[in-house]
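Read the structure below first, then the notes.
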Amino acid sequence: MRLTVIGCSGSFPGPDSPSSCYLAEAEGFRLVIDMGNGALGVLQRYAELFGIDAICVSHLHADHCVDVGSYWIARQFAPDGPQPRIPVYGPPGTAGRVQPHLGSDSAELAYVPFDFRDLTPAVSQIGPFRVTTDHMNHPVETFGFRLEHAGRRLAYSADTGESSALVRLAEGADVLLCEASFTDRADNPPNLHLTARQAGEHATRAGAGQLVLTHLVPWNDRDRSLSEAAAAYHGPLSLATCGLVLEG
Ligand SMILES: [Zn+2]
4 MRLTVIGCSG SFPGPDSPSS CYLAEAEGFR LVIDMGNGAL GVLQRYAELF GIDAICVSHL
64 HADHCVDVGS YWIARQFAPD GPQPRIPVYG PPGTAGRVQP HLGSDSAELA YVPFDFRDLT
124 PAVSQIGPFR VTTDHMNHPV ETFGFRLEHA GRRLAYSADT GESSALVRLA EGADVLLCEA
184 SFTDRADNPP NLHLTARQAG EHATRAGAGQ LVLTHLVPWN DRDRSLSEAA AAYHGPLSLA
244 TCGLVLEG
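According to our numbering, the sequence shown is numbered sequentially starting from 4.
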């Protein structure tokens with residue numbers, strides 16, 4: 004399994020990265036996890052525009068889902084005709100959230116290039132990946148993911164406050180891709196996001212083999228995030244960057 008960070012900017016795009024988007028590949032299958040603002044542009048550096056086989060959306064905040072709507076336009080109005088439907092897994096309401104407002108009810112415009120499927124906490128098979136999903140601790144329904152393929156395990160927190168479900172998803176994972184939206188402050192709101200230190204604590208509790216901090220908000224000091232996480236996690240630790248490849 005190979006995972007490419009397409010976007011790792013938290014909450015809104017930054018100067019060096021789109022919002023959340025990750026490309027997981029195995030056996031020629033391409034699964035995109037999250038598609039935040041700006042992700043579709045950078046995604047084309049790493050995959051053919053119509054080479055995506057499935058999409059998972061963790062939750063319906065704009066920085067995780069709005070470019071599914073951009074991709075809808077691309078697949079619907081492709082010069083060779085509408086592209087075949089691919090599955091989009093997301094919380095209930097994903098279709099309505101990402102649907103373009105085209106202002107017409109003609110048959111051509113009514114074509115939907117996606118097969119929307121509601122996520123639930125479950126274990127399922129998506130292409131070659133065994134995918135475990137569970138609810139995270141965030142103000143809207145949000146799913147974290149554990150991907151397994153050929154004995155390798157990768158977990159992704161999506162957006163979450165402190166969460167025992169995240170520790171379970173990341174149990175023994177080779178890589179935990181964990182959000183670190185906050186730095187240590189007394190006034191961080193609860194049940195919304197993790198600090199870098201809390202990301203480190205979750206990785207330690209899960210016994211994760213490697214921690215990669217992501218959902219990095221542009222106004223944060225990245226070196227500070229890294230050092231705060233390092234105080235709580237003593238394994239290999241790094242910051243996600245646009246284009247980073249994690250081999251599993
Ligand atoms: Zn969110």
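Where a beta carbon is used, it is the ideal one built from N, C-alpha and C, also for glycine.
Rounded C-alpha distance that separates residue i from residue j
i, j, result
"residue 5", "residue 187", "32 Å"
"residue 104", "residue 73", "11 Å"
"residue 169", "residue 226", "24 Å"
"residue 194", "residue 163", "7 Å"
"residue 48", "residue 8", "11 Å"
"residue 106", "residue 142", "31 Å"
"residue 11", "residue 214", "14 Å"
"residue 129", "residue 149", "12 Å"
"residue 30", "residue 147", "23 Å"
"residue 207", "residue 98", "36 Å"
"residue 245", "residue 32", "21 Å"
"residue 236", "residue 45", "31 Å"
"residue 153", "residue 249", "15 Å"
"residue 151", "residue 211", "14 Å"
"residue 134", "residue 175", "15 Å"
"residue 161", "residue 78", "26 Å"
"residue 138", "residue 201", "18 Å"
"residue 190", "residue 196", "12 Å"
"residue 126", "residue 136", "6 Å"
Closer than 7 Å: residue i CB and nearest ligand 1 heavy atom
i, result
"residue 64", "yes"
"residue 67", "yes"
"residue 162", "yes"
"residue 138", "no"
"residue 104", "no"
"residue 237", "no"
"residue 205", "no"
"residue 141", "yes"
Whole-angstrom C-beta distance between residue j and residue i, which should lie under 8 Å
i, j, result
"residue 70", "residue 41", "7 Å"
"residue 218", "residue 23", "6 Å"
"residue 229", "residue 240", "7 Å"
Residue i Cβ short of 7 Å to ligand 3 heavy atom set
i, result
"residue 176", "As far as ligands go, the structure on display features ligand 1 and does not contain ligand 3."
How about the region 85-92 and the region 157-176: do they share at least three Cβ pairs that are nearer than 8 Å?
Touching, no, given that fewer than three Cβ pairs across the two stretches are closer than 8 Å.
Check whether the region 49-62 touches the region 176-183, counting contact only when three or more Cβ pairs, one atom from each stretch, lie closer than 8 Å.
No, they do not touch.
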